[in-house]
Amino acid sequence: MPEFLVANWPAPANVRAGVTTRQGGVSVAPYDGFNLATHVGDNPAAVAQNRALLRTTLKLPAEPVWLEQVHGVAVVNAATTKIFCADASYASEKNIVCTVMTADCLPVLICNRAGTKVAAAHAGWRGLHAGVIEASISVLQETPDNILIWLGPAIGPQAFEVGDEVRTAFVNDLPQTAAAFKATSPGHWLADIYQLARLRLARIGVNNVYGGDLCTYTDQQRFYSYRRDGKTGRMASLIWIV
């Protein structure tokens, strides 16, 4: 049976949100077991079976809106889009399942307090720095106080090593983000992607931020990790209105 981690946040009762793990499913190594991505080399029949299992297990109202993620900042309307090359989607009507896939990058689920608007964003360091979370919030046209954020499982601060260029990019844009980097060796830093996201959210006045306490890299039993394994599967983070 697939495992689904329900988002632990004070979202309205009519908002459903959470993330899959690698538990359950029919994919075989190195994609074992509940891989939901078609672009990683897994058997397409296994992925199709896993996606069908996802729908039945979660009683989804519709097929999730699967994006072709490119580490950019494009946000599409999940209900109407004909363009799926994007890193975020939003919905303001019921039964539209906004979805992003990750295996170390940060999945960000967003809703308003009224439970009438939702969004899902995929934020690797490039997308995070370029503003994909801010772009996803902007399309909802809500005041910062009305926005709730859940940060799903990403690579943790003890495992995410980056070079000088990544730290410089963030710190030049927002000096406070220096606190999210710890030096390891010359030119190398451990980065806290959760803290980076929180600091960027705080800059635009969004402080209702939850989650951000898991690590895809170290939790091999539950999560896929591209940095750990290379060829591997993807989890899905989903949000929808009922």
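Residues in the sequence shown are numbered consecutively from 1, following the working numbering. Glycine is no exception: its CB is placed at the ideal position from the N, C-alpha and C atoms.
By the CB criterion at 9 Å, A120 and P157 fall outside the cutoff.
Apart from the 5 residues on each side of it in sequence, V6 sits with its Cβ closer than 6 Å to the Cβ of G18 in its chain, given in chain order. In the three-state DSSP reduction, F4 falls in the strand class (E or B). In the DSSP assignment, V97 falls outside any beta strand (DSSP E), carrying neither H nor E. Apart from sequence neighbours up to five positions away, the residues of its chain that approach Y31 with a beta-carbon distance below 6 Å are D42 and G233, ordered along the chain. Between the alpha carbons of E161 and A183 lies a distance of about 9 Å.
The alpha-carbon separation between P107 and I239 amounts to approximately 11 Å. When secondary structure is reduced to three states using DSSP, E68 falls in the coil class, being assigned neither helix nor strand. Taking a C-beta distance under 9 Å as the contact criterion, A13 and C111 do not qualify as a contact pair. Leaving aside the five residues that flank E68 on each side, the residues in its chain whose CB is nearer than 6 Å to its CB run, in chain order, F84 and C85.
Counting only residues of its own chain and dropping the five nearest sequence neighbours on each side, V100 has a CB closer than 6 Å to the CB of P107, A120, H122 and S237.
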